[in-house]
Amino acid sequence: TVTSGADSTTNVVLNLSFGSGVLSGTTNMFAVLGVATFTNISVNLVGTDKVITATATLTNGVATTTTAPAFVITPASASKLAFSTQPSASTVAGVAFAQQPVVAVQDQFGNTVTNGADSTTNVFLRLSTGTGALSGTTNITAVAGLATFTNLSINLIGANKVLTADATLTNGAVTTNSATFAITSGSAAKMVITQQPVGGASGALLATQPALAIQDA
1074 TVTSGADSTT NVVLNLSFGS GVLSGTTNMF AVLGVATFTN ISVNLVGTDK VITATATLTN
1134 GVATTTTAPA FVITPASASK LAFSTQPSAS TVAGVAFAQQ PVVAVQDQFG NTVTNGADST
1194 TNVFLRLSTG TGALSGTTNI TAVAGLATFT NLSINLIGAN KVLTADATLT NGAVTTNSAT
1254 FAITSGSAAK MVITQQPVGG ASGALLATQP ALAIQDA
């Protein structure tokens, strides 16, 4: 270690040279007696084989670098839910979504929490915006942080419907909303009187004329 001279106080810069994520904290430190000691470095995204590289320019003008051994970033504590797979943007009434929703248990940085009690929490889905009944298995136990739904459908048509997912984590209750989606009508299957006729004088028009709707199942 060079403990004296200009190079002993050179500026050392850290960067994440391999692996995804943001290297946070004070990544630029001046060495003291040839040692640059970092104190608050973190990485926000999970993954294996992350690598940090240090760079400095010495008095001879040569930019020198060195690379630390690879390391692993694991998820932080679970703090929220997110739809990692949204329900189909448009689905026929009464028919299961072609793309079924998947809800992820995540830490504050959006990493899926794959271990611990929160990774196997129960996730409940409900129709929070729009009319109709949400049918199928609406309560799923997450596996490795993912609650994968398989047979959900809604019986009434309409636009801008929203599903809401609820769960209770060790840090408390959490909730999240899906993107909006539409439910469209199916094939015509029956005819229903939507306005009953009401009588009147003989030969005169009925006081209330009948109306019929062609409906799906």
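All letters in the sequence shown, in the order written, are residues 1074 to 1290 by the working numbering. Even glycine gets a Cβ: it sits at the ideal position worked out from N, Cα and C.
Who does residue i pair with in a DSSP beta bridge?
| i | result |
| --- | --- |
| Asn-1228 | Note: Asn-1228 sits in no beta bridge, so no partner. |
| Gln-1268 | Ala-1284 |
| Ser-1163 | Ala-1255 |
| Phe-1182 | For Phe-1182, which the question treats as bridged, DSSP gives no partner whatsoever. |
| Thr-1158 | Val-1175 |
| Leu-1118 | The partner list for Leu-1118 (beta bridge, DSSP) is empty, contrary to what the question assumes. |
| Leu-1089 | Ile-1125 |
| Leu-1207 | Ile-1227 |
Please classify residue i: does DSSP put it in a helix, a strand, or coil?
| i | result |
| --- | --- |
| Ser-1081 | helix |
| Asp-1289 | coil |
| Ser-1192 | helix |
| Phe-1170 | coil |
| Asn-1250 | strand |
| Asn-1133 | coil |
| Val-1095 | coil |
| Ala-1240 | strand |
| Phe-1144 | strand |
| Asn-1233 | strand |
| Gly-1245 | strand |
| Thr-1138 | strand |
How far does the beta strand (DSSP E) with residue i in it reach, from first residue to last?
| i | result |
| --- | --- |
| Val-1196 | 1195 to 1202 |
| Phe-1103 | 1101 to 1103 |
| Leu-1219 | 1219 to 1221 |
| Thr-1214 | 1212 to 1214 |
Please check if any C-beta of chain C sits within less than 8 Å of the C-beta of residue i.
| i | result |
| --- | --- |
| Ala-1151 | Among the protein chains of the structure shown there is no chain C, as only one such chain exists. |
Leaving out the 5 sequence neighbours to the left and right, which residues in its chain are closer than 8 Å to residue i when beta-carbon positions are compared?
| i | result |
| --- | --- |
| Ala-1206 | Leu-1200, Ile-1227, Asn-1228 and Leu-1229 |
| Ala-1280 | Val-1271, Gly-1272 and Gly-1273 |
| Val-1175 | Phe-1156, Ser-1157, Thr-1158, Leu-1219, Ala-1220, Thr-1221 and Phe-1222 |
| Gln-1282 | Gln-1268 and Pro-1270 |
| Thr-1211 | Phe-1197, Leu-1198, Arg-1199, Phe-1222 and Leu-1225 |
| Phe-1111 | Leu-1087, Gly-1098, Thr-1099, Thr-1100 and Met-1102 |
Which residues in the same chain as residue i place their Cβ atom closer than 6 Å to its Cβ, once the five residues preceding and following it in sequence are excluded?
| i | result |
| --- | --- |
| Phe-1170 | Pro-1160, Ser-1161, Thr-1164 and Leu-1225 |
| Val-1108 | none |
Kindly indicate which residue of the options has the alpha-carbon position closest to the one of residue i.
| i | options | result |
| --- | --- | --- |
| Thr-1214 | Ser-1081, Ala-1190 and Ser-1208 | Ala-1190 |
| Ala-1240 | Leu-1278, Thr-1194, Gly-1092 and Phe-1254 | Thr-1194 |
| Val-1265 | Gly-1276, Leu-1285, Ser-1258 and Ser-1077 | Leu-1285 |
| Val-1186 | Val-1168, Ile-1146 and Gly-1209 | Ile-1146 |
| Val-1119 | Ser-1208, Gln-1179, Gln-1173 and Met-1102 | Gln-1179 |
| Ala-1079 | Asn-1184, Gly-1209 and Phe-1103 | Phe-1103 |
| Gln-1288 | Gly-1276, Leu-1278, Gly-1259 and Asn-1244 | Gly-1259 |
| Thr-1138 | Ile-1125, Ser-1150 and Asn-1212 | Ile-1125 |
| Ser-1093 | Val-1247, Asn-1212, Thr-1100 and Thr-1121 | Thr-1121 |
| Asn-1184 | Pro-1148, Ser-1077, Gln-1173 and Gly-1203 | Pro-1148 |
Which residues in the same chain as residue i place their Cβ atom closer than 7 Å to its Cβ, once the five residues preceding and following it in sequence are excluded?
| i | result |
| --- | --- |
| Leu-1089 | Leu-1096, Val-1116, Lys-1123 and Ile-1125 |
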